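Every letter in the sequence shown is one number past the one before it in the UniProt record's numbering, and letter 621, counting from 1, is 621. We treat Cβ as the ideally placed atom computed from N, Cα and C, and that holds for glycine. Remember, it's a predicted structure, so these values are computed and weren't measured experimentally. Here is the structure we will look at.
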Amino acid sequence: KLHSDLDKGVGTVKYTLSGDGAGTVFTIDETTGDIHAIRSLDREEKPFYTLRAQAVDVDTKKPLEPESEFIIKVQDINDNEPKFLDGPYVASVPEMSPVGAYVLQVKATDADDPTYGNSARVVYSILQGQPYFSIDPKTGVIRTALPNMDREVKEQYQVLIQAKDMGGQLGGLAGTTTVNITLTDVNDNPPRFPKSIFHLKVPETSHVGSAIGRIRAVDPDFGKNAEIEYNIVPGDGGNLFDITTDEYTQEGVIKLKKPLDFETKKAYTFKVEASNLHLDHRFHSVGPFKDTATVKINVLDMDEPPVFSKPMYTMEVYEDTPVGTIIGAVTAQDLDAGSSSVRYFMDWKNDVDSYFTIDATEGTIATNELLDRESTAQYNFSIIASKVSNPLLTSKVNVIINVLDVNEFPPEISVPYETSVCENAKPGQVIQTITAADKDLSPAGQRFSFKLSSEASNKPNFTVHDYRNNTAGIETRRNGYSRRQQELYFLPVVIEDSSYPVQSSTNTLTIRVCRCDSDGTIQSCNVEAIFLPVGLSTGALIAILLCIVILLVIVVLYVALRRQKKKDTLMTSKEDIRDNVIHYDDEGGGEEDTQAFDIGALRNPKVIEDNKIRRDIKPDTLRFTRQRPPAEDNTDIRDFINQRLKENDVDPSAPPYDSLATYAYEGNGSVAESLSSIDSLTTEADQDYDYLSDWGPRFKILADMFGEESYNPDKVT
1 KLHSDLDKGV GTVKYTLSGD GAGTVFTIDE TTGDIHAIRS LDREEKPFYT
51 LRAQAVDVDT KKPLEPESEF IIKVQDINDN EPKFLDGPYV ASVPEMSPVG
101 AYVLQVKATD ADDPTYGNSA RVVYSILQGQ PYFSIDPKTG VIRTALPNMD
151 REVKEQYQVL IQAKDMGGQL GGLAGTTTVN ITLTDVNDNP PRFPKSIFHL
201 KVPETSHVGS AIGRIRAVDP DFGKNAEIEY NIVPGDGGNL FDITTDEYTQ
251 EGVIKLKKPL DFETKKAYTF KVEASNLHLD HRFHSVGPFK DTATVKINVL
301 DMDEPPVFSK PMYTMEVYED TPVGTIIGAV TAQDLDAGSS SVRYFMDWKN
351 DVDSYFTIDA TEGTIATNEL LDRESTAQYN FSIIASKVSN PLLTSKVNVI
401 INVLDVNEFP PEISVPYETS VCENAKPGQV IQTITAADKD LSPAGQRFSF
451 KLSSEASNKP NFTVHDYRNN TAGIETRRNG YSRRQQELYF LPVVIEDSSY
501 PVQSSTNTLT IRVCRCDSDG TIQSCNVEAI FLPVGLSTGA LIAILLCIVI
551 LLVIVVLYVA LRRQKKKDTL MTSKEDIRDN VIHYDDEGGG EEDTQAFDIG
601 ALRNPKVIED NKIRRDIKPD TLRFTRQRPP AEDNTDIRDF INQRLKENDV
651 DPSAPPYDSL ATYAYEGNGS VAESLSSIDS LTTEADQDYD YLSDWGPRFK
701 ILADMFGEES YNPDKVT
C-alpha cells in the first residue's frame, strides 16, 4: 500500500506505478494506493521486481511528491522437486570387489532457494537395488554393499535412486533416476576340460601339418581372461603331434608333425594341458589356473601308394657311354599289409626325358641316346611308381643325372688375339700375355702348356715363354723390327691340356709392327704411314690439313660472292619482284598491261586463266559484263569491296594511279570482278572521264580510251 501525507482522503490525489511488471504483473489502485498482483509469481523465473511510484494531483496532473522506488521480493516456497540432469546413469564395477568399492556418484538439482528454509536441501536414498549397493544420503556416492559379487552368477544390476528435498522430511518433493551397473570380468575362474579323455581317429595318409582333431577347455570368464593356451605334456607319442589355440573359438587344434604309419604303430596316447594366459594374482589362492586331459589317437589303416627308398636319386654317367647302358636304379615298395607289386614309368614332360628309359619291373635306368656334356650337363626328371593292385595310387621321386666330361676338345686361346710390336723393341721384351680356354669341363688342377710350333721354333723373330700358371708370354728375339721390310708376323702357338687323352691345338697369333716413341707408346700402325717422309711429325701433318681446309673455304666464299655480285648487277628496277610492280619508260596501259609478268599469284586460284588479251589498247566496247559472285561467297568481304568501290566512285580528287591493290579476289576472271575505280560502274554513262584530258600527256592514252571525244593527234604535245 502506498500513501502520501498530502492525501486527505477527498480524492484529490492519484497514485501511479511504473517499472518491472507494472501493468502486467502488478497494478495499483489510483485512489487508495493499494498494490495488487494480477497473476501468479514464480521465484525461479524472477526473484524480485523494481517498481517506481508517484502521487499526482488529479486536477493539475503535477507531482505532489518526488517519485519513489521500491523493490518487491518474491518469497520462495517448495514448488520444485529435485531433478537428475544427467540420468539415467551407466556404471561398472569389477566382480569380486570388496564391500564399499566405489561405483558412481549421482547428483540431483533443486531449483528452489537454497538460502530460505529446507526447500533445496536434498537427501539421496535407494528404492531398488539393495542389498547389493548403498548410497551416501548427502553426497550421492554409490558403493558396493555385498562382498564377492560374481559376474558369472549375475552380471547386470538396475538400481533406482531417489532424491528428496526438505531434508527428506514428510511433505518434501522427490525425484528418481535409474543407474544400470555392470559387473566387469576378472580372471577368477580356471579353464576346465569337460571330460578327462578325448578319443580321435586319424587316417595314416593324413598330411604333415594338417589338423587331425580339436579339443576344448571351458572357461566361464570373458574376453582376455578366457584366453587359453594348450600344450602337449611330454610323454608317449607327443613328439609326433602339435597343438595350437584357435583364437576365435579358444579350441585346441591338434596337428600332425610327422607322418603316421599304421604298419609301424597303431595308437598314440598323450596329455594336453590348458592354462590361462592372463593371470590375476589376487586369485592365486583359489588354486592352479590350468587343467589336464588325456588324448588317445587311433591310426586308421589306409591303402597307400608305394614308397621310394630315397627322397631323391642322383646318378652319374660319362658322355661317351653307349646307348642302352644301365646307369642306376630306383626302388619303391608297397608297405601295406597286403603287399602289391610295383610298376615304374617316367613322367614325360619334355623331349629331354627321351634320353633315358626305365625298366617297368626292375626300376633300372638306361641311356636311350648319346649324351653330350657340352650340350646338356645335367638331366632332371621324375619317376612314378604305381601299385599293380591299384594303379591310381602313385608316388613320384626326382632323379638327377650328371653327365661326366670326357676330354674331347683341345684348348684354345681364350680370345683371338692380335697384338703389336714396336719397331724399336729390344730382345726379351714381353709384348703380350695369353691365356687358354677349354670347352671340356676342366677338373680341378688341370694345366695348360704353351710352346711354339716346330716350324716356327727355328725363326729368330719371337718366342713363347710358358709361365706354368695357365698363361704364357710372347717375347721378342730380335733387336728392332722394320715395317718397310715386313709389317705382319704370324706366330703359331701350340696349346696342350693335362687331361686324358691329351688334346692340343695350334693357334695363330697376328703381330703387327708399329712405330712407337722412346717410351714404347704406339704412335702409328697404319700402312700409309710407312711412305711419309722421315721426320714429319703428327703436328706438322695436322697443320698442313688445316691449311688445305682454310684455302678450300676461301675459294668457296669467293665464288659465292662473285655470283651474288653478278646477280645484283644484272637486276634492275624493272626486275625487282619484291614490289611486284611493272615500270615503263613511256606511257603504257597502266595496270591493264599485265602481259609482261605473271600475275597468277594475284588471281583467284579457282578461276581458269583464259582469254589473256592485252589490255593496254582501247577495247572494242567499254561495257563489261559483270559476273555475279556466287551466293556462297563471304558476304563480309563482298560488302567491304562494294563500300570501297562507292568511296572511289564519288571521290573526283582520287587520281587513277598505276598502282595495284589486292582485295583477295583481284584479277582477270575473279568472281569479285575488277576493283579498279576506272571500271567500277555498271554503265559507261555513270562516269565522266573528260577530266582525264586536263591531267597532261601522261594520261592521254586513258583519256582517249575512256573519253567521249575521239582521239585527236594534234592535241598531243
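State the Cα-Cα distance for the pair residue i and residue j, rounded to the nearest angstrom.
{"i": "A377", "j": "E229", "result": "54 Å"}
{"i": "N611", "j": "D694", "result": "Reliability fails at N611, whose pLDDT of 46 lies under 50, so the model's placement of it is uncertain and the value that follows must be treated cautiously. The alpha-carbon atoms of N611 and D694 are separated by roughly 33 Å."}
{"i": "D334", "j": "A436", "result": "55 Å"}
{"i": "R484", "j": "S498", "result": "42 Å"}
{"i": "V202", "j": "L256", "result": "10 Å"}
{"i": "I608", "j": "C547", "result": "Residue placement at I608 is poorly supported in this model, since its pLDDT is 43, which falls under 50; the coordinates are not used for a value here."}
{"i": "P194", "j": "T292", "result": "11 Å"}
{"i": "T314", "j": "N402", "result": "8 Å"}
{"i": "S453", "j": "E496", "result": "12 Å"}
{"i": "A111", "j": "L51", "result": "25 Å"}
{"i": "T370", "j": "K387", "result": "In the sequence as presented, Thr is not what sits at residue 370; that position holds Leu. C-alpha separation (whole angstroms): 32 Å."}
{"i": "D57", "j": "G11", "result": "9 Å"}
{"i": "D690", "j": "A703", "result": "7 Å"}
{"i": "Q432", "j": "V464", "result": "10 Å"}
{"i": "T367", "j": "S309", "result": "22 Å"}
{"i": "T269", "j": "V323", "result": "56 Å"}
{"i": "N380", "j": "E374", "result": "16 Å"}
{"i": "R478", "j": "I542", "result": "34 Å"}
{"i": "L6", "j": "T32", "result": "13 Å"}
{"i": "F198", "j": "Q130", "result": "46 Å"}
{"i": "D79", "j": "G175", "result": "13 Å"}
{"i": "A565", "j": "I550", "result": "According to the sequence provided, residue 565 is Lys. The question's Ala does not apply to it. Spanning the two alpha carbons is a distance of roughly 23 Å."}
{"i": "I544", "j": "V555", "result": "17 Å"}
Grab me the residues of residue i's own chain with a C-beta within less than 7 Å of its C-beta, minus the 5 sequence neighbours each way, in chain order.
{"i": "N470", "result": "T435, A436, R447 and F448"}
{"i": "E155", "result": "T182 and L183"}
{"i": "residue 750", "result": "Residue 750 lies beyond the stretch modelled for the chain, which goes from 1 to 717, so this question has no answer here."}
{"i": "D438", "result": "F409, P411 and D497"}
{"i": "A560", "result": "none"}
{"i": "Y481", "result": "V421, E423, A425 and V513"}
{"i": "N148", "result": "M96"}
Between residue i and residue j, which are expected to be in contact by the criterion C-beta below 8 Å, what is the C-beta distance as a whole number of angstroms?
{"i": "L488", "j": "F462", "result": "No, L488 and F462 are not in contact; Cβ-Cβ is about 12 Å, not under 8 Å."}
{"i": "V186", "j": "D280", "result": "6 Å"}
{"i": "E65", "j": "A55", "result": "5 Å"}
{"i": "N241", "j": "I254", "result": "Inspection of the sequence shows that residue 241 is occupied by Phe rather than by Asn. Contact flag correct, Cβ pair sits at about 6 Å."}
{"i": "R43", "j": "V74", "result": "4 Å"}
{"i": "A332", "j": "P306", "result": "4 Å"}
{"i": "I384", "j": "V399", "result": "About 11 Å separates the two Cβ atoms, so there is no contact after all."}
{"i": "T144", "j": "G100", "result": "6 Å"}
Can you name, in chain order, every residue of its own chain whose Cβ lies under 6 Å from the Cβ of residue i, other than the five neighbours on each side?
{"i": "T364", "result": "I326 and A329"}
{"i": "G172", "result": "K164, D165 and M166"}
{"i": "I135", "result": "Y124, I126 and I142"}
{"i": "R216", "result": "E251"}
{"i": "E316", "result": "N402 and L404"}
{"i": "A267", "result": "N298"}
{"i": "F699", "result": "L692"}
{"i": "R151", "result": "E95, L183 and D185"}
{"i": "P220", "result": "E152 and N189"}
{"i": "A53", "result": "L2, L17 and S68"}
{"i": "G213", "result": "L200 and I254"}
Could you name the residues of the same chain whose beta carbon sits closer than 8 Å to that of residue i, not counting the 5 residues immediately before and after it, in chain order?
{"i": "Q128", "result": "Q158, V159 and L160"}
{"i": "R515", "result": "C422, E423, R483, I522, Q523, S524, C525 and A529"}
{"i": "N390", "result": "D303 and S340"}
{"i": "V25", "result": "A37, I38, R39, L41 and Y49"}
{"i": "A360", "result": "R343, Y344 and F345"}
{"i": "P88", "result": "T177, T178, V179 and N180"}
Quick one: what's residue i bridged to in DSSP?
{"i": "S386", "result": "R343 and T394"}
{"i": "V14", "result": "Checking the sequence, you will find Lys at residue 14 rather than Val. Answer is V56, bridged to K14."}
{"i": "Q158", "result": "N180"}
{"i": "A163", "result": "Y124 and G175"}
{"i": "F640", "result": "Paired residues: none, contrary to the question."}
{"i": "N402", "result": "E316 and Q378"}
{"i": "Y355", "result": "According to DSSP, Y355 bridges with nothing at all."}
{"i": "T144", "result": "F133"}
{"i": "A332", "result": "F308"}
{"i": "K73", "result": "F48"}
Closer than 7 Å, CB to CB, is residue i near chain D or not?
{"i": "T24", "result": "Looking for chain D here will not work: only one protein chain is present."}
### Segments assigned beta strand (DSSP E), at least 3 residues, entirely inside the UniProt domain "Cadherin" (194–308)
197–203, 211–216, 228–233, 241–245, 251–256, 267–276 and 290–300
### Message
Which runs of the beta strand (DSSP E) at least 3 residues long sit entirely within the UniProt domain "Cadherin" (413–531)? Give them in chain order.
### Response
418–422, 430–437, 449–452, 462–466, 471–476, 488–496, 504–516 and 522–524
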